[in-house]
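Colleague:
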Amino acid sequence: MLFKTISLTAVYATVAVAVIGTTQQPSSRTPSVPYPIRNLTWGQLNFIHTTDTHGWLPGHLLEPSFGADWGDLISFTQHARRLADEAGVDILVVDSGDRHDGNGLSDATSPKGELTERLFTKLDYDVVSIGNHELYQWQSTVQEYEIIAPAFGERYVVSNVDLLWKDKWTPIGNKYRRFETKNQKLKVVAFGFLFDFKGNNPRTKVTRCADAVKEDWFLEALSYEDTEVFVIASHIPVRVFPEMKIIINAIRRAHPLAIIQFMGGHSHVRDFAVVDDRSTALESGRFLETIGWLSIDKVNSKSLLPIPKFSRSYIDFNVRSLSIHTNTSLEKDEQDTIPFHTPEGQAVSKEIAKMRSDLELDTPYGCVPRNFLTSRAEYPGPDNLFSLLVEKILPNLIGTWVPVERSLNHPRYIIINTGSIRFDLFKGPYTLDTSYIISPFPNNWKYFPDVPLKFARKLLPELNKLPYIFASAEDGTNDQADLQSVYEANILRAPEQRYLSYNSLQASSPQQPAVGDKLQHDQRLKPGYVTYDDYGDDGDDTLHDPWPFVILPNAVQSEQNIPESADDDTKIDVVIYDFLLPFALSAFTKIGYPVNEWHSYGGLNTVQLLTNYVNETWPAKEVCKWDNGEFNVGAEHFLKTQGR
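Throughout the sequence shown, residue numbering follows mature numbering (1 follows the signal peptide of the UniProt record, and there is no 0), covering -18 to -1, 1 to 626 in sequence.
This is the structure:
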């Protein structure tokens, strides 16, 4: 069967849809202007892929391009399965883990993820695996074992993670899954691998991928000679990490002609890599900004010819894109219903809205007057969130474990790692939800008292040295803080920043070039993702004017009370997050100042300081206007528009 486009006949479709009603969250918006859309390509075997959702099931309330919610994704997958059945082809829905930490809906509950894990199970996945964020806290692991595993049964595939359950080491999921596709009757074996993670809680165990592929269960999975397709649902980036090649090579030795489709995650980027002429790897972004699409045609595991054909797309997660790709309407029909929205999808969208209301996530703290961005605005600069933090927010820190006078008057540096801030601060309402979105991490302040200035001033440059910023596969294999490894020190930065290699600045980069590099701008298009991968730059379903991408330092520093007369011997308090302690100790040793003393500093964390600043500087008024609508401060908070 040849590749074909089901949705539209033109190469691009410039779409203007009259949106009368949408089931996405009441406070979100759809893109307000027509925009060009690339069609999806269908093949014999097709994939819908999610990864690194991090609790963002309500979608992005202030970003119309990503404003759909989990209910809308359910509707999309149901329509896609129907289209596949009508065409006699197959579709598999796959998730690559990291469902915890990052959004108010997931993080405002105790324990975290109590609601989002259950919502996640409402989507009919074929293969689900695990991420490292399911292993930091024991309670998150328990949720996987007691909620996710029973809900998906044999479809929950975790090949190299065990948990200590009732004093016995037990696989958290199935080691592999063997099944036959519905329409094409393709024989499939699916695995679910996590990278060689070492930061897991002590009641879990991660087997190195290189060891797992030698175990009996893996050899058993390879023993089925009729297998035509191997699917690897992995929480492993599709570049840099050696684990991907280890797994694929082990399969390839036993099945030289089989299709091997690797579905990656963890580094929070859109990317697609070609491994060989029968194997590719897809990674589908972060935070439900992206739904990955991949198709394979000419599936053939018996002979060298014909060579399979692959196609990939990165779908902007909004109802307009989802409806276009499934040939469904967002206009009300004669029955007063909206064809795109299925009953199951609508029910989940309403459930999310009620959960958000019950958690009071729309509680307003202020109204931000403009955007403060992380990696889309030059640092330092007036539009960068880290500049706002360094200049306006961190100076307000008052330690609770030191005298107030020391916080107010003693010279100090405050250092935070850029990876502690996970998202942009957008123009518009600053709510309880915003505080969870900006940073999901509970960090405490530590300090080194009275460090001579000649050493204190060297700490930040040491943390930000080039080896900490760039990495290669040869430097290490995992995400844990082994300070002897250049690669592993990248944990200081956010995932989308962390896994840049020297090649990342070339045309094969999975993201746009950095600020200062030449960008091909088209002012007629809305800014957004423009992805460069092994197939070129036509993978994004929505044509965009490219966002800039700024390479951030590992850490930033705020300075207070430094006298003009300061000299090398001036005593400085160096205040850091507890997370940074091992990195700071190592850096001090390298600059010739071994430290044996540090203490708790106390005080509000960065997001709490930011929330207070917003509340005092930009207080919530009766109506908060932003680019896509209005925010009403009152009982219902957000306007419910467009017939919802």
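From the three backbone atoms N, C-alpha and C, an ideal C-beta is built for every residue, glycine too. The structure presented is a predicted model; accordingly, all values stated were derived computationally and were not measured.
1. Mapping the DSSP letters down to three states, classify Gln328 as helix, strand or coil.
2. Kindly provide the ranges of any alpha helix (DSSP H) runs that are 4 or more residues long and lie completely inside the region 224 to 298, ordered along the chain.
3. Return the chain-ordered ranges of every alpha helix (DSSP H) run that is complete within the region 20 to 104 and spans a minimum of 4 residues.
4. Just the Cα atoms here: how many angstroms apart are Trp199 and Lys157?
5. Tell me which residues share the same chain as His526 and place their Cβ nearer than 7 Å to its Cβ, disregarding the 5 neighbours each side in the sequence.
6. So, is Asp193 buried or exposed, given that buried needs 16 or more other C-beta atoms within 10 angstroms?
7. Which complete alpha helix (DSSP H) runs does the region 135 to 202 hold, if anything under 4 residues is left out?
8. Give me the Cα-Cα distance between Ser540 and Val372, rounded to the nearest whole angstrom.
9. I'd like the list of long-range same chain contacts for Phe223, defined as Cβ closer than 6 Å, with 5 residues on each side in sequence excluded.
10. For Trp427, write down the residues that DSSP places opposite it in a beta bridge.
11. Anyone know if the C-beta pair for Phe354 and Leu414 falls short of 7 Å?
12. First and last residue of the alpha helix (DSSP H) that includes Pro443?
13. Using only the alpha-carbon positions, how far apart do Gly181 and Tyr559 sit?
14. Can you give me the C-alpha to C-alpha distance between Ala335 and Ala329, rounded to a whole angstrom?
15. Please classify Arg235 as buried or exposed, where buried requires at least 16 neighbouring CB atoms within 10 angstroms.
16. My understanding is that Glu210 touches Ser283, with C-beta atoms under 8 Å, so please give their C-beta distance in whole angstroms.
17. Beta-carbon separation of Arg20 and Asp523 under 7 Å?
18. Run through the region 379 to 424 for me and flag every whole alpha helix (DSSP H) of 4 or more residues, listed as ranges in chain order.
19. Roughly how many whole angstroms lie between the Cα atoms of Cys606 and Leu55?
20. If I measure Cβ to Cβ from Asp80 and keep anything under 8 Å in the same chain, skipping five residues before and after, which residues do I get?
21. Counting pairs of Cβ atoms below 8 Å between the region 388 to 398 and the region 54 to 69, do you hit three or more?
22. Classify Ala335 as helix, strand or coil using the three-state DSSP reduction.
23. In this structure, does DSSP put Thr123 in helix, strand or coil?
24. Report the rounded CA-to-CA distance for Trp38 versus Leu270, giving the unit in angstroms.
25. Starting from Ile214, trace the beta strand (DSSP E) in both directions and tell me its first and last residue.
26. Give me whichever residues DSSP pairs with Val350 in a beta bridge.
27. Over what stretch of residues does the alpha helix (DSSP H) that includes Glu598 continue unbroken?
28. To the nearest angstrom, how far is it from the Cα of Glu333 to the Cα of Ser88?
29. Cβ atoms of Ala215 and Val384: under 7 Å apart, would you say?
Modeller: According to the structure data:
1. The answer is helix: DSSP assigns Gln328 an H, G or I state.
2. Those alpha helix (DSSP H) runs which fall completely within the region 224 to 298 and span 4+ residues are 225 to 236.
3. Listed in chain order, they are 52 to 69, 86 to 89, 98 to 102.
4. Whole-angstrom Cα-Cα distance: 7 Å.
5. Leu507, Lys508, Pro509, Gly510, Tyr511, Val512.
6. Asp193 should be labelled exposed.
7. Within the region 135 to 202, the complete alpha helix (DSSP H) runs of at least 4 residues are 191 to 194.
8. Taking the straight line from one Cα to the other gives about 5 Å.
9. Around Phe223: Phe177.
10. The partner list for Trp427 (beta bridge, DSSP) reads Tyr559.
11. Not closer than 7 Å, so no.
12. Going by DSSP, Pro443 is part of the alpha helix (DSSP H) stretching over 435 to 445.
13. So the two alpha carbons sit approximately 18 Å from each other.
14. Distance between the alpha carbons of Ala335 and Ala329: 10 Å.
15. That one is exposed.
16. Between Glu210 and Ser283 the beta-carbon gap is near 4 Å, inside 8 Å, which marks them as a contact.
17. With a cutoff of 7 Å on beta-carbon distance, Arg20 and Asp523 are scored as near each other.
18. Within the region 379 to 424, the alpha helix (DSSP H) runs of at least 4 residues that lie entirely inside it are, in chain order, 386 to 391, 414 to 420.
19. Between the C-alpha atoms of Cys606 and Leu55 there is a straight-line separation of about 29 Å.
20. Counting only residues of its own chain and dropping the five nearest sequence neighbours on each side, Asp80 has a CB closer than 8 Å to the CB of Thr33, Asp34, Thr35, His36, Gly113, Asn114, His115, Glu116, His217, Gly247, His248.
21. Output reads no: the region 54 to 69 does not touch the region 388 to 398.
22. Correct three-state label for Ala335: helix.
23. Note: Thr123 maps to helix in three-state DSSP.
24. Within the model, the alpha-carbon separation for Trp38 versus Leu270 is close to 6 Å.
25. Segment 211 to 217, the beta strand (DSSP E) holding Ile214.
26. Gly410.
27. Note, Glu598: alpha helix (DSSP H), 588 to 599.
28. One C-alpha to the other measures close to 14 Å.
29. Between Val384 and Ala215, the CB-CB gap reaches or exceeds 7 Å.
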